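In what follows, a single structure is set out as structure tokens and then discussed.
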């Protein structure tokens with residue numbers, strides 16, 4: 001039995017097969033409409049996250065299965081002092097697979113070590129959120145037709161952004177991926193990722209301060225939020241915040257075949273005027289998130305559909 | 307694609323067809339038990355309302371579909387600052403239709419303007435709650451066999467009562483409906499409804515202070531709550547509150563074929579001793595609420611059942 | 613139509629049939645996978661209890677039915693002042709059966725008196741929790757092959773422990789059940805249970821202070837939590853707490869065919885090192901809880917499966 005704690009738990013070949021499956025699901029959804037009849041997913045969200053929770057529930061319902069679970073810790077047994085290990089053993093009697101979000105790093109790993117059903121890490125604190133990364137990979141592959149030979153811009157808070165770190169670690173496994181790291185000095189990608197992930201894998205990258213500089217050469221622009229409170233001082237924030245807001249004017253600098261991704265929720269880092277640009281792919285990304293979660297559930301449950 | 311924001315979004319003819327459909331659902335529920343197989347409703351309740359939420363969920367489940375959603379804003383992405391527009395675009399990737407309750411007037415309308423799935427306004431602040439009005443119409447039509455040639459008493463807080471305003475606006479489209487407006491002076495129907503809706507449509511109405519005065523002539527009595535804090539002073543409240551409490555004694559003044567409706571929850575404005583009176587129709591009204599929501603879902607999803 | 617408020621609502625013969633049914637469900641789950649197609653359970657949890665709620669939801673989903681409900685009172689109409697009687701009349705329009713947990717003793721009984729669907733008491737304050745007792749009975753019967761001729765140790769807080777009181781009342785109906793009551797003096801079984809239940813039924817029992825003393829003769833050890841705040845003083849707690857913690861060393865005193873039960877959640881009264889002991893049955897107990905709830909739902913809905 002397998003679990004997924006990190007996007008790197010699956011080899012490039014395994015991910016390829018999973019993305020092929022997601023692609024087939026996209027094309028032939030009816031073929032999979034009863035693949036998980038009679039099966040249940042438990043969504044154990046110790047920390048609320050509507051989008052992620054509903055994406056998992058949608059994935060299971062699309063496969064013909066059903067859902068049990070909780071949406072926040074106060075309605076769970078955690079309030080009564082039960083350990084995550086005990087909870088997952090109980091849930092193993094109820095469901096066939098489980099998606100767990102927990103504010104504590106490593107909680108899903110602890111759960112998986114005693115679980116008799118597959119556990120999906122649906123986000124553990126600032127640590128990992130593998131299905132977001134799988135979603136990002138599938139979106140890029142679906143839009144560009146490949147995961148290699150790409151120039152990928154990562155914009156915003158590269159210091160604390162969990163999704164960015166995971167995406168980099170996942171993409172360095174493909175050939176000729178170049179990164180353009182777009183952030184204020186204060187929010188640069190941490191040196192341990194630059195050194196241990198990028199340099200160690202001989203991956204090409206450059207760092208720029210302004211989004212405009214980077215835009216013309218990008219195949220993919222991955223936007224994230226820049227929170228005001230992350231800046232050292234108010235002056236710097238005021239001076240620089242516009243550098244990281246994507247609007248129509250900046251989109252004119254980009255290639256006609258560039259695509260914009262965002263893990264959502266977005267606040268104001270992408271102007272709503274960009275939404276109607278055909279290159280805006282952040283809502284399609286949500287749809288790919290459903291397909292890849294369907295493929296992941298089928299893979300972990302070892303359900304074959306012919 | 308259509309949405310429903312107000313009960314007036316549908317013409318009298320369209321409502322007739324929808325109520326015919328609800329009647330057929332009541333008679334032949336099995337015929338519709340798989341009409342929405344594989345479809346999903348998202349119940350997006352930014353403000354809790356158990357009855358309304360469960361009524362929508364029951365409606366979809368009765369049609370063979372399934373449910374995703376949230377029951378209060380704190381477990382939603384709204385807490386992270388996401389706009390209603392972005393949320394509905396995300397939900398459009400998950401569900402086939404959505405019912406939204408929101409404390410802010412107009413929020414469901416904003417959602418419908420960018421949604422790629424039908425949006426049902428399940429209550430937006432004190433503004434509209436169209437499926438309550440559809441429920442009221444279906445209940446009256448089912449009990450009386452018609453929506454015209456009726457004398458309808460509306461009792462309680464006619465000033466702030468959203469359901470009463472909507473019901474009046476919906477009923478003036480039928481012939482020979484007469485209203486008896488039963489309320490304290492402080493909670494009279496607002497002049498803009500008396501003038502713009504009743505007078506403008508040449509609808510007959512009278513205003514009375516005491517429920518007893520009105521009861522003998524009514525075909526339908528629509529009760530609502532009179533909240534103490536709506537009165538100008540404590541003395542008035544004490545003096546008048548019994549005027550608006552329906553009990554067994556008052557029911558003796560009413561016709562044997564009058565029916566009592568109430569949007570629920572009731573607090574004490576209808577004495578529990580009235581519950582066993584065959585004219586008490588407020589719990590049957592809940593059942594009609596399920597049928598009309600089933601009919602509405604089928605209509606908006608353009609599902610035909612033969 | 614029947615409800616279940618107390619485990620004693622069913623005769624020994626009826627319970628036998630229900631446990632036979634649960635046993636058949638365990639052996640042939642597929643036979644029951646569509647027994648409740650098109651039916652709905654409403655889980656009305658005015659007080660959160662994840663395990664119990666999910667157990668009921670799992671039971672109904674395993675039977676092919678579906679679920680509506682709420683997980684805590686704040687998202688229910690109770691907040692708007694609706695009575696439990698009105699709520700259940702509304703829910704009767706939505707669901708086919710209901711499981712209600714309520715902090716107030718007697719609330720499910722009030723509901724059942726006006727309900728037109730079967731009501732299951734899923735815990736009312738410190739009063740009754742019949743499906744926990746049915747779970748305990750089924751677990752013992754499944755593990756030992758019988759409910760008579762057993763020596764059953766009950767350990768921990770016997771004064772306030774609702775599950776222990778219910779289990780005793782249920783087990784005295786079987787022949788030759790002997791109880792060993794293991795608790796500190798402060799938390800002894802109340803005299804009204806010793807006298808009115810045990811003595812009145814001529815049931816053999818002994819009371820001991822230390823778990824070690826009792827262990828060698830037990831067929832079943834039913835563990836419960838001893839809360840620190842229940843002791844008269846800190847010294848007593850420190851002196852005695854280890855008496856009531858089950859660990860590997862204590863397990864060596866027990867018979868090879870003794871089984872350990874616990875209603876869960878456990879905190880530290882059973883050391884995790886005991887989990888791998890084949891005699892530890894508290895997680896299997898959760899599984900039996902699903903089977904007995906499936907059998908109960910089928911029984912109350914009068915669904916026959918051949």
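Chains as they are written, first to last, in this note's numbering: chain A, 1 to 306; chain B, 307 to 612; chain C, 613 to 918. Quick reminder that beta carbons are idealized off the backbone N, C-alpha and C, glycines included. Predicted, not measured: the structure shown is a model, and the values here were computed from it.
ask   = Is the shortest distance between the beta-carbon of residue 558 of chain B and the beta-carbons of chain C less than 9 Å?
value = no
query = Is there at least one Cβ from chain C nearer than 9 Å to residue 363 of chain B's Cβ?
reply = yes
inquiry  = Give me the subset of the stretch 265-294 of chain A whose CB atoms are less than 7 Å from a CB atom of chain B, sorted by chain position.
reply    = 265, 266, 267, 283, 286, 287, 290
ask   = Should the stretch 798-805 of chain C be called in touch with the stretch 729-748 of chain C, which here means at least 3 C-beta pairs below 8 Å?
value = no
request  = Report yes if the CB atom of residue 559 of chain C is closer than 9 Å to the CB atom of residue 749 of chain C, and no otherwise.
outcome  = Residue 559 of chain C is absent from the model: chain C starts at 613 and stops at 918.
query = Using DSSP with H/G/I as helix, E/B as strand and the rest coil, what is residue 583 of chain B?
reply = coil
ask   = Taking C-alpha atoms, which residue in B:315, B:341, B:316, B:580 lies nearest to residue 612 of chain B?
value = B:341
As assigned by DSSP and simplified to three states, the class of residue 838 of chain C = coil
request  = Give the interface partners of residue 693 of chain C over in chain B, defined as CB-CB distance under 8 Å, in chain order.
outcome  = 571, 573
message = Can you tell me whether residue 43 of chain A is helix, strand or coil according to DSSP?
response = strand
inquiry  = Please identify the residue among B:606, B:608, B:607, B:600 whose C-alpha is closest to the C-alpha of residue 330 of chain B.
reply    = B:600
message = Can you look up residue 66 of chain A in the DSSP assignment and give me helix, strand or coil?
response = strand
ask   = Near residue 307 of chain A, which residues of its chain fall below 6 Å by C-beta distance, leaving aside the five closest residues on each side in sequence?
value = The question about residue 307 of chain A has no answer here: the residues shown for chain A are numbered 1 through 306.
Under 9 Å from the C-beta of residue 481 of chain B: neighbouring residues of chain C = What residue 481 of chain B touches in chain C: nothing, since even the nearest Cβ is about 31 Å away.
key: Start-to-end residues for the alpha helix (DSSP H) that takes in residue 481 of chain B   = No alpha helix (DSSP H) contains residue 481 of chain B, which DSSP labels as neither H nor E.
ask   = Run through DSSP, which three-state label would residue 95 of chain A get?
value = Annotated three-state conformation of residue 95 of chain A is coil, per DSSP.
query = Residues of chain B with a CB under 7 Å from the CB of residue 678 of chain C: which are they?
reply = 367
query = Would you say the stretch 449-466 of chain B touches the stretch 519-532 of chain B, given that touching needs at least three Cβ pairs under 8 Å?
reply = yes
inquiry  = Three or more C-beta pairs under 8 Å: does that hold for the stretch 83-96 of chain A against the stretch 108-121 of chain A?
reply    = The stretch 83-96 of chain A, when compared against the stretch 108-121 of chain A, does touch it at the 8 Å Cβ threshold.
request  = Determine the direct distance from the alpha carbon of residue 357 of chain B to that of residue 576 of chain B, and round the result to whole angstroms.
outcome  = 19 Å
query = Is residue 793 of chain C near the ligand SAM, going by C-beta to nearest heavy atom under 8 Å?
reply = With respect to the ligand SAM, the structure shown offers nothing to examine, as it has no ligands at all.
request  = At 8 Å on the CB atoms, spell out the chain C contacts of residue 86 of chain A, in chain order.
outcome  = Neighbours of residue 86 of chain A across chain C, judged by C-beta separation under 8 Å: 876, 877, 878.
request  = Could you spell out where the beta strand (DSSP E) holding residue 428 of chain B opens and where it closes?
outcome  = 425-430
request  = Report the residues of the stretch 621-635 of chain C with a CB closer than 8 Å to any CB of chain A, ordered along the chain.
outcome  = none
key: Amino acids of chain A, ordered along the chain, whose beta-carbon sits closer than 9 Å to that of residue 666 of chain C   = 42, 68, 69, 70, 90, 91, 94, 95
Within the stretch 752-839 of chain C, ranges of the beta strand (DSSP E) (whole runs, at least 3 residues) = 762-767, 789-794, 817-820, 832-835
query = If we cut at 9 Å on Cβ distances, does residue 106 of chain A have a partner in chain C?
reply = no
request  = Say whether the stretch 100-114 of chain A touches the stretch 259-267 of chain A, bearing in mind that this needs 3 or more beta-carbon pairs closer than 8 Å, one atom from each stretch.
outcome  = no
ask   = Hey, does residue 737 of chain C have any beta-carbon neighbour from chain B nearer than 9 Å?
value = no
query = the stretch 768-780 of chain C: which residues have C-beta closer than 9 Å to a C-beta of chain B, in chain order?
reply = none
query = Taking 9 Å as the CB-CB limit, is residue 51 of chain A close to chain B?
reply = yes
According to DSSP, residues forming a beta bridge with residue 630 of chain C = Note: residue 630 of chain C sits in no beta bridge, so no partner.
inquiry  = Can you list, in chain order, the residues of its chain with a C-beta nearer than 7 Å to that of residue 721 of chain C? Leave out the 5 residues immediately preceding and following it.
reply    = 617
key: Within-9 Å CB hit, residue 645 of chain C to chain A   = yes
CA nearest to the CA of residue 641 of chain C, picked from C:912, C:899, C:913, C:914 = C:899
ask   = CB-CB under 6 Å to residue 174 of chain A, same chain, minus the five flanking residues each way: which ones, in chain order?
value = 147, 148
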